[in-house]
Amino acid sequence: MPRTRTTAKPKAKPIKRKQTPSTKKPTAKDAAAAIKPRRLHVPVSRPFRFSRVKHPVRLPSSWGLFRQAIGLIWRNKRVFLGLALMYGILNMVLVRGLSGGTDVNTLKQQTAASLGGNPGQLATDFSVFVSLLGSTGNDANPTAGPYQFFVLLVVSLATIWATRQVLAGHMIRIRDAFYKGIYPLVPFVLVLVVVLLQAIPLLVGGLIYVIVISTGIAVTGIEQLLWGLLSLTIAFTTVYMLCSSLFALYIVTLPDMTPWRALRSARQVVRYRRGQILRKLLFLPVALLVINGAIMLPLIWFLPVVAQWIFFVLSMLTLVVVHVYMYTLYKALLV
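In the working numbering, the protein residues as written are 156 to 490.
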């Protein structure tokens, strides 16, 4: 039987269809959808429900900030001690004179007589120390007040400028701090006026409580407690605002900075961290009070003649320590 030869059929080529453009015209709805901007999903607002927001960066401890400030002063003691010395000289010449202030021996006798009987030596010395703290910044000469305010402003601006330059690693001289650090005087004063205005609720709250107690409106303990809580609530407004406005005093010393921009920047810097900042602000006066008391109480007891001069020196150093600590805290907030 003869074999038949079979041949493979060629595969059919796929037919390419020409793509014809769509004859459908875009509508106005399609055009609006094409140009519609993307929008983020906004969460639903729930009033009267407060949520605690934690800042991702935690601030250093209060003691750590204080040690950083003291270490910065010690490493650059020539500059900062020179600023404290200039503050003391200006204060002595323009405000206090060469009298040196209150005589500690006389103050001890007056305190012992006012306490009556035979008070303990420690109680007398502590009362003298409190009297010295109360007399700080209070001069009998009424014309010394404006001079003291001006000297405080000048030395504060010089200290802030010197702290910024030292942290930037620049070598500076004491005279440079006074020559170059005084230029933002007007913006600094304007921010300071805002800070003083924000302190009005604190004064109002304290005045309300004093009037209520002195006039006998609140007699029972419950009434006094309720009025005290009301006064604290009013005063808390000042505390809340000062947690940001105090740092505006340091921001406004930057070049080309206006007071309004400084206040807004300060609010952004302290956002979500007011509680931490408040604890660190309260730590500073407590630490300074403990250190000054540890130095002054033995001097009042054993060397009352030199105690008034040592207290004067400590008062001059305190201004430098306060500004360096506050600027260190401000730099920590920028991280």
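All C-beta atoms in this analysis are idealised placements derived from N, C-alpha and C, irrespective of residue type, glycine included.
What does the Cβ neighbour count give for residue i, buried or exposed, with the cut at 16 atoms within 10 Å?
i: S369; result: exposed
i: P339; result: buried
i: P440; result: exposed
i: H196; result: Per-residue confidence for H196 stands at a pLDDT of 48, beneath the threshold of 50, marking its modelled position as unreliable; the derived number appears in the next sentence. Classification of H196: exposed, given that the 10 Å Cβ count is below 16.
i: H478; result: buried
i: Q276; result: exposed
i: S217; result: buried
i: V476; result: buried
i: L384; result: exposed
i: A487; result: buried
i: G376; result: exposed
i: G360; result: buried
Would you say residue i and residue j are within 8 Å of each other, going by their C-beta atoms?
i: A224; j: M471; result: no
i: V250; j: A317; result: no
i: V445; j: L454; result: no
i: Y480; j: L322; result: no
i: Y242; j: L474; result: yes
i: L452; j: D258; result: no
i: L357; j: C398; result: no
i: F391; j: A421; result: no
i: L437; j: I450; result: no
i: T408; j: F343; result: yes
i: A417; j: V341; result: no
i: L491; j: T388; result: Lying before the first or after the last residue shown, residue 491 is absent from the chain, which here runs from 156 to 490.
i: W382; j: V367; result: yes
Could you have a look at residue i and say whether DSSP puts it in helix, strand or coil?
i: Y427; result: coil
i: H325; result: coil
i: M231; result: The displayed chain sequence assigns Asn, not Met, to residue 231. Residue state, collapsed to three classes: coil.
i: V490; result: coil
i: L195; result: Since pLDDT at L195 reaches only 44, below the 50 mark, its modelled position is unreliable, and no value is offered.
i: D411; result: coil
i: D280; result: helix
i: A239; result: helix
i: S369; result: helix
i: I225; result: helix
i: L401; result: helix
i: S311; result: helix
i: I465; result: helix
i: P215; result: coil
i: Y338; result: coil
i: D491; result: With the chain covering only 156 through 490, there is no way to say anything about residue 491.
i: V374; result: coil
i: T266; result: helix
i: S420; result: helix
i: L458; result: coil
i: A291; result: Looking at the sequence itself, residue 291 is Thr, so the reference to Ala does not match. The answer is coil: DSSP assigns T291 none of H, G, I, E or B.
i: A354; result: coil
Candidates the options: which alpha carbon is nearest residue i's?
i: Q264; options: L277, V248 and V283; result: V283
i: V350; options: L452, T393, L287 and I377; result: T393
i: I363; options: L287, G376, L380 and S386; result: S386
i: R213; options: T261, F466, L469 and K435; result: K435
i: I329; options: V346, V310, V344 and P342; result: V310
i: G289; options: L262, S420 and A267; result: L262
i: N260; options: L245, M247, N246 and S286; result: S286
i: I406; options: R319, L227, Q463 and G360; result: R319
i: L489; options: Q423, A449, K335 and M247; result: Q423
i: M326; options: N231, W464 and W456; result: N231
i: A354; options: L418, L381 and S400; result: S400
i: G336; options: L308, V346 and L347; result: L308
i: Y485; options: R416, F457, L404 and N447; result: L404
i: T291; options: F466, Y482 and A487; result: F466
i: A267; options: A487, W464, W456 and G448; result: W456
i: M396; options: L352, I244 and V367; result: L352
i: F305; options: P459, L245, S269 and W464; result: L245
i: Q303; options: G324, D331 and V248; result: V248
Examine the ligand FMN and report whether any of its heavy atoms sits within less than 7 Å of the Cβ of residue i.
i: H325; result: In the structure on display, the ligand FMN does not appear, and there are no ligands present to speak of.
Could you tell me whether the region 409-420 touches the region 428-436, using the rule of 3 or more Cβ pairs below 8 Å? The region 409-420, when compared against the region 428-436, does not touch it at the 8 Å Cβ threshold.
For the structure I just gave you, are there three or more beta carbon pairs, one from the region 312-330 and one from the region 220-235, closer than 8 Å? Pairwise C-beta distances place the region 312-330 in contact with the region 220-235, as three or more of them are shorter than 8 Å.
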